[in-house]
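Undergrad: Numbering (our numbering), first residue to last: 1 to 818. Input: one structure, supplied below.
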C-alpha cells in the first residue's frame, strides 16, 4: 500500500483506466449538498489566485483508494476504484464541463489541458474502446459516457440520459462556469480561465491510497469507513487552533480555559441545518466565518474554510483572534438563551432569533454576528433597523412559501458589499440592496402579492404549526404594542379554529355550493386564533353561541377580544372570516414592512411557481383547457371521467372537487395522489402538466421530488393511522413516545424486534405510501443526513401530533423529568 497527497494532474495524467466496479453504488452527489459546495470552493480558490498570482493555497477534497489490476503486457494500466468514486467522477465531470465551455469560447489550448486528464490519447486506446479515463460498469455507464463524449457546446436537454444525476451535474457545472467567466473581453476571459484550469489541475488535493492487486481491498475499505464517532467541524478547528497557538508559543492551557467555550453541553448540542445535523459549536463557527468573509459556506466546508481563512485572510495571530471568537460566541449564546425564556420581553435581535428558530431557519445569524463585531459599535437603532429589514425579507418570502436556497448567498453578499458602510447609511443601504433584487429566487415580495396569496390561502394546511403560531403571536404583539402592553408569552399556545374543522353537525349550511364555501374557509387565516389553553373537542366543535362563551375565557389575548368584538351578536360566517383575514394580513404587513413604493417585481415571473399548485393555475396558464376529460389510471375501480371546469374544479358524476386527489378519492374509494391518478387524453399524467407549469422537465422517475413538504396535522395522521398495519402503528408509537426528534439507532430497531434492513423496508414502504396517497414528500419518519450518513428521525411537531391522535400521553422522557 502506497499513500501520497496527489493533485488531479498527478492522478489523471498517465494513460489509464480507473474502473468503477459493478458493486459500487451509483453516482449520488446532489447539487445543494455536494456539487454547489465543491464549486464554491473551486471558485473561492480561483478568485484568491486571481487576486494573488503567487498564492499557493490549495483545497483538500478527501481520500481515494484504487487497486491495480494484474498487469497484462501491451495494455494500459487499469485499476479498480475501491473508495472515492463520487469524488473522482465529479472531478472528471467538472474538468470536462470546463473544457467544453473553454472550447466554445475559443480557448482550445486550455481546454486541451483538461481533456488530456479526462480522455486517453487515441494512440493508447484499442480500436472500438472508449478513451475515457474513468469507466463506469454500473447503471451510470451510459449516462457518463454520453455526456463526457458529447461535442461542445453540450445541449444537455437533447441527451438521451438528460435526467441522470451525472448529466445534471455536468449541466450545473457548465452553467456555473459559463456565468463565472462572464461577458468579459477576450484578454480578461483568458486570465480567468487560466486561473481556473490551474486550480482544477494543481490547486486541489486528495490523499491517494494505491493498493497492489494482492492486497485485501475490502479490509482496507471497511477500516476507512468504520462506524466510529466522526469528528465535528468544531473538533477539527479546535485541533488546528491549538496547534497554531503552540507554534505561536502561547499558553495553550490558559487559552483553553479562558477562550475556548465549545466543549460545553450548550455548544455540543446537535441542531438541524436543512437535512444536516451539526453541533451548535460547528454551526456557530460556520456562521462566524460567513460574517467575517461575506461568503456562503456549506456546513461540510467549515473546517477547510476556517483553515484557509486563518492562513490567507486573517490579519491577526491566533492568540489575538481566539478572544474575538469567544466574545462573539458568548453573545450568540446569550441571544439563544434569551429566546428560550417564555415570558421574557425580547429585544429586536432576540425576537428575531426566536422567530427564525421557530421557522427552522439559520439564515440571519451571520448578519447578527457581523453587526455585533468587536470594535464595530453600531448604535442599537441601526442594528435593529438592519435586523428588521432582513427579517421582513425572509418572513414575506415565507408567507409565499418561496425557496430559501439562495438566501444564504444574499446574506453573505450584504455583509461583503456593505462591510464598510457608515453607520448612518447602513439601514438604508441594506433596505435598498434587498429592494433591488428582482429574481424569484431571492426577491423581497411586496404588499399586493401577499394580500392576493393570503386572502384565500388554507394557511393551516400550508404552514408548520410553529410558523403559523409565530404569525399569530406577531399580530398579538402588534396589537399590544399599540396599547403599551407587554409581549405575549411564547408558551406554544394552541391554535384554535373558530369555525371548527368538524363543522358539519353544529354549523350546517344548505346546498352544495355553501358546503364547499364553508369547507374552503375553515383553514384560512381569519378563522384561526390562539388560546392560552386548549378547548376540549366537545366545546371546540360546539355551536357558535356556546363556543363564543368559551372564547371569552381567553380574551386576555387581544386576538380574541377583538374577534369577539368584531362578531358581536352575529353568527361567525364566511363573511366575517374574510374580513378578519384582511385585518390580520394588514397587521402582518405592518409588522414586516417594505420600503415605501416597493412592489417586489421580478424579471422571471414564469419561474415563480408555488410549492402548492392547483388545477386552476394550469387552466389559467393555458396548459389545461376547460372541458378536458381526465381518465383515471387502471385499477380495480370503475373508470369514471373528471371534466375540468373553467374555474379549475373537477366534475365527477355531477359532484365538484377542488383538487385532483379529492376527485381521485371519490373514484378510488381511498386516499390517492390525484396528480398521478388522472390522465390527459394524450396519455400524460396531470403531474406532467404541473411539471411544465413549474418549469421542470416531466419525467417518470422525478415526480416524487416535485411534491411539496406538507406538515402533518392530526387529521392527516388520524387518516394514516386508520390505514396502517399493527407493526407500523407500533413503530410510530415507539418513536413518538420514546425518541421524538432524535436520530434512531440499532437499539430502537431491536426494541421492536426488527433488524436494520427490516426497519428500512418499513420506512421505505411508509415513504411510498405518503408519496402516492398523501401528496407530500415527507413521511412521518423522515430521512435526514447527519455527518454524511442517512438516518431516521420523527420531527417533534409530528411526534406531538401522533401522540395526540393515538392518545399516548407525554413522552416517557417528559414523565420521568416531571
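Ideal Cβ positions, reconstructed from N, Cα and C, are used throughout, including at glycine. This structure is a prediction, so every number in the text was calculated from the model and none was measured.
Taking the beta strand (DSSP E) that residue 285 falls in, what are its first and last residues?
TA: Counting along the chain, residue 285 falls outside any beta strand (DSSP E), though it belongs to the alpha helix (DSSP H) covering 280-293.
Undergrad: What residue does the alpha helix (DSSP H) around residue 194 start on, and which one ends it?
TA: 186-198
Undergrad: Give, in chain order, every unbroken run of the beta strand (DSSP E) that is at least 3 residues long and sits entirely within the region 497-575.
TA: 528-530
Undergrad: Would you check if the distance between the CB atom of residue 159 and the CB atom of residue 148 is smaller than 8 angstroms?
TA: no
Undergrad: Tell me the DSSP bridge mates of residue 83?
TA: Looking at the DSSP assignment, residue 83 forms a beta bridge with 65.
Undergrad: Tell me the DSSP bridge mates of residue 119?
TA: 132
Undergrad: So, for residue 102: in the same chain, excluding its five sequence neighbours on each side, which residues have a beta-carbon less than 7 angstroms away from its beta-carbon?
TA: 110, 111, 193
Undergrad: Spell out a yes or no on whether the region 490-507 and the region 526-533 are touching, meaning 3 or more CB-CB pairs, one atom from each, closer than 8 angstroms.
TA: yes
Undergrad: So residue 631 is in the alpha helix (DSSP H); what residue range does that whole segment cover?
TA: Not the alpha helix (DSSP H): residue 631 falls in the beta strand (DSSP E), residues 629-632.
Undergrad: Alpha carbon to alpha carbon, how far is residue 448 from residue 743? Give it in angstroms, no decimals.
TA: Straight-line spacing of the CA atoms in residue 743 and residue 448 works out to 42 angstroms.
Undergrad: For residue 376, would you say it is in contact with chain D, using Cβ-to-Cβ distances shorter than 8 angstroms as the test?
TA: Checking the listed chains, one finds no chain D in this structure; it contains a single protein chain.
Undergrad: Should residue 599 be labelled buried (16 or more other beta-carbon atoms within 10 Å of its own) or exposed?
TA: exposed
Undergrad: Under the DSSP definition of a beta bridge, which residues are partnered with residue 262?
TA: Per DSSP, none; premise fails for residue 262.
Undergrad: Rounded to whole angstroms, what is the Cα-Cα separation between residue 16 and residue 77?
TA: 5 angstroms
Undergrad: Taking Cβ to Cβ, would you say residue 326 is nearer than 8 angstroms to residue 259?
TA: yes
Undergrad: When the Cα atoms are used, what is the spatial distance from residue 208 to residue 45?
TA: Residue 208 and residue 45: Cα-Cα distance of roughly 21 angstroms.
Undergrad: Taking 7 angstroms as the cut-off, is the CB of residue 158 close to at least one heavy atom of the ligand COA?
TA: This structure lacks the ligand COA, and indeed carries no ligand of any kind.
Undergrad: Just confirm the distance between the C-beta atoms of residue 130 and residue 145, as a whole number of angstroms; I'd bet it's less than 8 angstroms.
TA: About 6 angstroms; that satisfies the 8 angstroms criterion.
Undergrad: Taking the CB atoms as reference points, tell me whether residue 667 and residue 632 lie closer together than 8 angstroms.
TA: yes
Undergrad: Measuring CB atoms only, is the region 382-390 touching the region 261-272, in the sense that at least three cross pairs come out at less than 8 angstroms?
TA: no
Undergrad: Tell me the DSSP secondary structure of residue 31 in three-state form.
TA: helix
Undergrad: Quick one: is residue 542 buried, meaning 16 or more other Cβ sit within 10 Å of its Cβ, or exposed?
TA: buried
Undergrad: Given this structure, state the Cα-to-Cα distance separating residue 657 from residue 644, to the nearest angstrom.
TA: The straight-line gap from Cα to Cα measures roughly 10 angstroms.
Undergrad: What does the alpha-carbon distance come out to for the pair residue 54 and residue 436?
TA: 37 angstroms
Undergrad: Which whole-angstrom value is the C-beta distance of residue 234 and residue 279, which I expect to be below 8 angstroms?
TA: 6 angstroms
Undergrad: For residue 565, does the count of other Cβ atoms within 10 angstroms reach 16, so buried, or fall short, so exposed?
TA: exposed
Undergrad: Who are the Cβ neighbours of residue 500 in its own chain at under 6 angstroms, not counting the five residues just before and after it?
TA: Correct list, in chain order: 540, 541.
Undergrad: So who's on the other strand from residue 3, going by DSSP bridges?
TA: 209
Undergrad: Name the two residues that bound the continuous alpha helix (DSSP H) containing residue 346.
TA: Run containing residue 346: none; DSSP gives neither H nor E here.
Undergrad: Which residues in the same chain as residue 59 place their Cβ atom closer than 6 angstroms to its Cβ, once the five residues preceding and following it in sequence are excluded?
TA: 41, 45, 204
Undergrad: Sort 349, 315, 314 by Cα distance to residue 331 and report the nearest one.
TA: Closest in C-alpha terms to residue 331, from the list 349, 315, 314, comes 349.
Undergrad: Tell me, to the nearest whole angstrom, how far the beta carbon of residue 409 is from that of residue 515; I am working on the premise that it is less than 8 angstroms.
TA: Not a contact, Cβ separation roughly 47 angstroms.
Undergrad: For residue 372 and residue 24, what's the separation of their Cα atoms in angstroms?
TA: 48 angstroms
Undergrad: Buried or exposed: where does residue 800 fall if 16 or more other Cβ atoms within 10 Å of its Cβ makes it buried?
TA: buried
Undergrad: Please go through the same chain and pick out, in chain order, the residues whose beta-carbon is closer than 7 angstroms to the beta-carbon of residue 652, but skip the five residues on each side of it.
TA: Shown here for residue 652: same chain residues with a beta carbon closer than 7 angstroms to its own, the five before and five after excluded, namely 640, 642, 663, 666, 667 in chain order.
Undergrad: Have a look at residue 576 and residue 301 and give me their C-alpha separation to the nearest angstrom.
TA: Cα-Cα distance, rounded: 52 angstroms.
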